[in-house]
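Trainee: The sequence shown: position 176 = 176 (full-length UniProt numbering), numbered continuously.
Cβ atoms here follow ideal geometry from the backbone N, Cα and C, with glycine treated the same way.
Source: prediction; values computed, not measured.
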Amino acid sequence: MNKPNRKYIKEGRISFSAGTQVQERYVFLFSDIVLIAKEKALNTYCLKEKIPLRELWISENDFDLVSDAVRRLDCCFILGWPTKNFALEFSSATEKNSWLEAFEAAISQERSKEQPNTLSIMTRIHFGNDFQPREMVVSNAQTSSDILQKICNDFGCPKTDICQLYFDHSQGLFSMPLYGFEIPYVIQASYAKSNIQVDADEQAETGNSDQKAANMNCFFAVKLKNGSTPVNCRRRENYACHMVYEWRKKTRRANNSTDKEAPTGAKFFGRPLSDMSKDDYLLRHIERLFSHLLSEGVKMPGIFRKPPKQSTFQEIKNMLSNGSEVLFEYFSPCVSASVLKEFLRRLPESAICGKSRAEWLTICTGNASSKRLEKAKRLLSRLPDSNTLFLEYLMYLCQRIVENSDINQMDSHSLSICLGPSLFQSSKLDSTAEDLQARKVAEITEFIIKNAASLFDTSFVIKNHHKNQLSCDDY
1 MNKPNRKYIK EGRISFSAGT QVQERYVFLF SDIVLIAKEK ALNTYCLKEK IPLRELWISE
61 NDFDLVSDAV RRLDCCFILG WPTKNFALEF SSATEKNSWL EAFEAAISQE RSKEQPNTLS
121 IMTRIHFGND FQPREMVVSN AQTSSDILQK ICNDFGCPKT DICQLYFDHS QGLFSMPLYG
181 FEIPYVIQAS YAKSNIQVDA DEQAETGNSD QKAANMNCFF AVKLKNGSTP VNCRRRENYA
241 CHMVYEWRKK TRRANNSTDK EAPTGAKFFG RPLSDMSKDD YLLRHIERLF SHLLSEGVKM
301 PGIFRKPPKQ STFQEIKNML SNGSEVLFEY FSPCVSASVL KEFLRRLPES AICGKSRAEW
361 LTICTGNASS KRLEKAKRLL SRLPDSNTLF LEYLMYLCQR IVENSDINQM DSHSLSICLG
421 PSLFQSSKLD STAEDLQARK VAEITEFIIK NAASLFDTSF VIKNHHKNQL SCDDY
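(1) Between residue 10 and residue 104, what straight-line distance do the alpha-carbon atoms span, to the nearest angstrom?
(2) Relative to the alpha-carbon of residue 46, which residue among 425, 139, 28, 33 has its alpha-carbon at the smallest distance?
(3) Tell whether a beta-carbon distance below 8 Å holds between residue 58 and residue 79.
(4) If residue 298 and residue 400 are in contact, beta carbons under 8 Å, what's the gap, nearest whole angstrom?
(5) Which value, in whole angstroms, describes the spacing of the CA atoms of residue 261 and residue 417?
(6) Relative to the alpha-carbon of residue 176, which residue among 107, 165, 55 has its alpha-carbon at the smallest distance?
(7) For the alpha helix (DSSP H) containing residue 85, name the first residue and the last one.
(8) Which one or two residues does DSSP pair with residue 167 in a beta bridge?
(9) If you reduce the DSSP assignment to three classes, tell me which class residue 138 lands in.
(10) Considering only the beta carbon of each residue, do residue 363 and residue 449 sit closer than 8 Å?
(11) DSSP three-state call for residue 437: helix, strand or coil?
(12) Looking at residue 381 and the ligand COA, is the gap between the Cβ and the nearest heavy atom below 7 Å?
(13) Got a sec? Which residues, its chain only, sit under 6 Å from residue 90 by beta carbon, not counting five neighbours each side?
(14) With a threshold of 7 Å on Cβ separation, who are the neighbours of residue 83 within its own chain once the five nearest residues in sequence on each side are excluded?
(15) From this set, 146, 277, 338, which residue's C-alpha is nearest residue 309's C-alpha?
(16) Measure the beta-carbon distance from residue 110 to residue 35 and round it to whole angstroms, keeping in mind my assumption that it falls under 8 Å.
(17) Kindly give me the distance between the Cβ atoms of residue 270 and residue 346, rounded to whole angstroms, as I take these residues to be in contact under 8 Å.
(18) Count the other C-beta atoms from every protein chain shown that fall within 10 angstroms of the C-beta of residue 382, then say buried if there are 16 or more, exposed otherwise.
(19) Do three or more CB pairs link the region 315-329 to the region 348-363 at distances below 8 Å?
(20) Just the Cα atoms here: how many angstroms apart are residue 194 and residue 174?
(21) Would you report the Cα separation of residue 40 and residue 102, rounded to the nearest angstrom?
(22) Look at the alpha carbon of residue 280 and the alpha carbon of residue 287, and state the distance between them as a whole number of angstroms.
(23) DSSP state of residue 347, grouped into three classes?
(24) What does the alpha-carbon distance come out to for the pair residue 276 and residue 386?
(25) What do you get for residue 33, buried or exposed, if any count of 16 or more other CB atoms within 10 angstroms of its CB means buried?
(26) Going by the beta-carbon positions, is the gap between residue 107 and residue 143 smaller than 8 Å?
(27) Kindly indicate which three-state DSSP category residue 530 falls into: helix, strand or coil?
(28) Assuming residue 62 contacts residue 179 (C-beta within less than 8 Å), just tell me the rounded distance between them.
(29) Using the beta-carbon count (16 or more within 10 Å), is residue 378 buried or exposed?
(30) If residue 126 and residue 222 are in contact, beta carbons under 8 Å, what's the gap, nearest whole angstrom?
(31) Between the C-alpha atoms of residue 115 and residue 3, what's the straight-line distance to the nearest angstrom?
(32) If you drop the 5 nearest sequence neighbours on each side, which residues of the same chain put their C-beta closer than 6 Å to that of residue 17?
(33) Can you check the UniProt domain "PH" (7-108) for any beta strand (DSSP E) of at least 3 residues that lies completely inside it and give the ranges in chain order?
(34) Taking only the alpha-carbon atoms, compute the straight-line gap between residue 237 and residue 352 and give it to the nearest angstrom.
(35) Exposed or buried, which one is residue 15 when buried takes at least 16 other CB atoms within 10 Å?
(36) So if DSSP puts residue 123 in a beta bridge, which residue, or which two residues, is it bridged to?
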């Protein structure tokens, strides 16, 4: 305590509160540090905190975010340091102002001695169970509000009202919400400083001196605030999806990427349906596609007809081709519908035709309805189990869309025009009469959709879809 140039400024009892907890502390304020102690007896104290003034931050707003135990707002201010925030309550407004002025003057004087500094922090934007990381340079003058705004600007989404910045470490086991007045530079520097000894011990034992790898254990995460209504929930989801898309777009631009599209079908497109039984990634994303369309697409006006935003569609295609996790529920159902059509088009072999393409093309030619139905059943019985299961999902989806045709303006005929070319892979047919071919494909597809209840057993699909919906509701 006998450090040269250290000056005593003030001392006294102050009530510290966080959440519902209230603690009485005795505070000694010096020109460069503050000591926070618990009073044990007269002139006897147990030191709890020793904090350099340059690591402190102060706010006179948002008491409700820090403490539920504040009684008089005019007698309070917030004092924080890595990684804590407290509401300090005094016996009177006069006493509060006296301490506030003393803290502000001492902190300002101490920080005036510092040179402008910067360091790198790891940031993450969370959406659903997925996240996107990025490294960012911050200065010792920026607050958490500045950092949140910068991240949102990088995403192309300047509104921050539904976002919250957190400081996470210990592999996500510790998460501190940041309310706008904290200083991320100080938090990061303090965390790195506290881990110096741990890193030194690990280096002595393992010879690993990669400080950057150690710093990856902490990051500043942007997450969406909890909402109270379904509208707010959807708004948050759309907001997150747009932010992630903008971040990826800017990251690719920064890296001077010249790739327009990922290699064809590396993970998702161009693979046979039989791979669903062997590849969890393929099966999981096909199930997600149908789940999203069944939940949110059946009442969407123009579903399968209305095109999505092409830049978003291209981004999702690239993610699927690269094997990235895609949460379709964060995007428009029109995106999922277009992905499904693209998946059908790029199958090595038509999902419904197999090697019986010529027979399918004659199914609606001069036959009675009952004979057409028998022939269709016979052709479908030749398909592998994986194709049958996929078609059960597809036809159940079509049935649900037709049931809501008064809302979505999509009946069986409209669906046949939109889905037929993808389902039968018209581009691979040998017929040279394109108009005739298109009419045949549409007619066959409409026949299949209208008779889906007779041609397919969708009981498993219905049961599985309801089970997934219940799981989502519980979550």
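Mentor: Concretely, from the data shown:
(1) In the sequence shown, the residue the question calls residue 10 occupies position 10. In the sequence shown, the residue the question calls residue 104 occupies position 104. One Cα belongs to residue 10, the other to residue 104, and the distance between them is close to 13 Å.
(2) Counting from 1 along the sequence shown, the entry for residue 46 is found at position 46. Of 425, 139, 28, 33, the residue nearest in Cα terms is 28.
(3) Along the sequence shown, read from residue 1 onward, the residue named residue 58 stands at position 58. Along the sequence shown, read from residue 1 onward, the residue named residue 79 stands at position 79. When the beta-carbon positions are compared, residue 58 and residue 79 come within less than 8 Å of each other.
(4) Residue 298 sits at position 298 when you count from the first residue of the sequence shown. Residue 400 sits at position 400 when you count from the first residue of the sequence shown. Their Cβ separation, rounded to whole angstroms, is 4 Å, which keeps residue 298 and residue 400 in contact under 8 Å.
(5) As a working note, residue 261 is residue 261 in the sequence shown. As a working note, residue 417 is residue 417 in the sequence shown. Only weak support exists for where residue 261 lies, its pLDDT of 42 falling under 50; the value from the coordinates is given anyway. The alpha-carbon of residue 261 is positioned some 28 Å away from that of residue 417.
(6) The residue you call residue 176 lines up with position 176 of the sequence shown. Nearest to residue 176 by C-alpha distance, out of 107, 165, 55, is 165.
(7) Within the sequence shown, the letter at position 85 stands for residue 85. First-last for residue 85: 84-89, but that is the beta strand (DSSP E), not the alpha helix (DSSP H).
(8) Sequence index remark: in the sequence shown, residue 167 carries index 167 (1-based). The beta-bridge partner set that DSSP reports for residue 167 consists of 176, 220.
(9) Position 138 of the sequence shown, counted from the start, is the residue given in the question as residue 138. Assigned with DSSP and collapsed to three states, residue 138 falls in strand.
(10) As a working mapping, residue 363 is identified with position 363 in the sequence shown. As a working mapping, residue 449 is identified with position 449 in the sequence shown. No, Cβ-Cβ distance for residue 363 and residue 449 is not below 8 Å.
(11) As a first step, residue 437 must be located in the sequence shown, where it is residue number 437. Residue state for residue 437 is assigned as helix, using DSSP reduced to three classes.
(12) Of the ligands one can find in the structure shown there are none, so the ligand COA has no counterpart to examine.
(13) In the sequence shown, counting from the first residue as 1, residue 90 sits at position 90. If we look at residue 90 and ignore the five residues flanking it on each side, its Cβ neighbours are 75, 96.
(14) Counted from its first residue, the sequence shown places residue 83 at position 83. Here residue 83 has 167, 176, 187 as same chain residues with Cβ atoms under 7 Å from its own Cβ, once five neighbours each way along the sequence are excluded.
(15) In the sequence shown, counting from the first residue as 1, residue 309 sits at position 309. Cα-wise, what sits closest to residue 309 is 338.
(16) Residue numbering aside, residue 110 sits at position 110 when the sequence shown is read from its first letter. Residue numbering aside, residue 35 sits at position 35 when the sequence shown is read from its first letter. Not confirmed; about 15 Å, so no contact.
(17) For this step, residue 270 is matched to residue 270 along the sequence shown. For this step, residue 346 is matched to residue 346 along the sequence shown. Contact check for residue 270 and residue 346: beta-carbon distance about 5 Å, within the 8 Å limit, so the pair qualifies.
(18) Reading the sequence shown from its first residue, position 382 is the one you call residue 382. By the 10 Å Cβ count, residue 382 comes out exposed.
(19) With the cut-off at 8 Å, the region 315-329 and the region 348-363 do not touch.
(20) For the purposes of this step, residue 194 is taken as residue 194 along the sequence shown, with counting starting at 1. For the purposes of this step, residue 174 is taken as residue 174 along the sequence shown, with counting starting at 1. Going by the C-alpha atoms only, they are around 15 Å apart.
(21) On the sequence shown, residue 40 is found 40 positions in, with the first residue counted as 1. On the sequence shown, residue 102 is found 102 positions in, with the first residue counted as 1. The straight-line gap from Cα to Cα measures roughly 25 Å.
(22) Here residue 280 corresponds to residue number 280 of the sequence shown, with the count starting at 1. Here residue 287 corresponds to residue number 287 of the sequence shown, with the count starting at 1. Between residue 280 and residue 287, the C-alpha separation is close to 10 Å.
(23) What you label residue 347 is simply residue 347 of the sequence shown in a count that begins at 1. In the structure shown, residue 347 falls within a coil segment according to DSSP collapsed to helix, strand and coil.
(24) Translated into positions along the sequence shown, residue 276 becomes position 276. Translated into positions along the sequence shown, residue 386 becomes position 386. One C-alpha to the other measures close to 7 Å.
(25) The sequence position of residue 33 within the sequence shown is 33, counting from 1. Classification for residue 33: buried.
(26) Translated into the one-based positions of the sequence shown, residue 107 becomes position 107. Translated into the one-based positions of the sequence shown, residue 143 becomes position 143. The answer is no: Cβ separation not under 8 Å.
(27) No statement about residue 530 is possible, as the shown extent of the chain runs from 1 to 475 and does not include it.
(28) As a working note, residue 62 is residue 62 in the sequence shown. As a working note, residue 179 is residue 179 in the sequence shown. In this structure residue 62 touches residue 179 by the C-beta definition: roughly 5 Å separates them, less than 8 Å.
(29) Here residue 378 refers to the residue found at position 378 of the sequence shown. With fewer than 16 Cβ atoms within 10 Å of its Cβ, residue 378 is classed as exposed.
(30) Indexing the sequence shown from 1 puts residue 126 at position 126. Indexing the sequence shown from 1 puts residue 222 at position 222. Right, their Cβ atoms sit about 7 Å apart.
(31) Here residue 115 corresponds to residue number 115 of the sequence shown, with the count starting at 1. Here residue 3 corresponds to residue number 3 of the sequence shown, with the count starting at 1. Between residue 115 and residue 3, the C-alpha separation is close to 22 Å.
(32) The residue you call residue 17 lines up with position 17 of the sequence shown. The residues are 67, 69, 87.
(33) 8-18, 21-30, 33-41, 44-52, 57-59, 76-81, 84-89, all fully within the UniProt domain "PH" (7-108).
(34) The residue given as residue 237 occupies position 237 in the sequence shown. The residue given as residue 352 occupies position 352 in the sequence shown. At residue 237, the pLDDT of 48 sits below 50, so the modelled position is not reliable; the number obtained from the coordinates is stated separately. Our two residues, residue 237 and residue 352, have alpha carbons roughly 35 Å apart in a direct line.
(35) On the sequence shown, residue 15 is found 15 positions in, with the first residue counted as 1. Burial call: buried.
(36) As a working mapping, residue 123 is identified with position 123 in the sequence shown. DSSP, once it has assigned bridges, lists 134, 220 as partnering residue 123.
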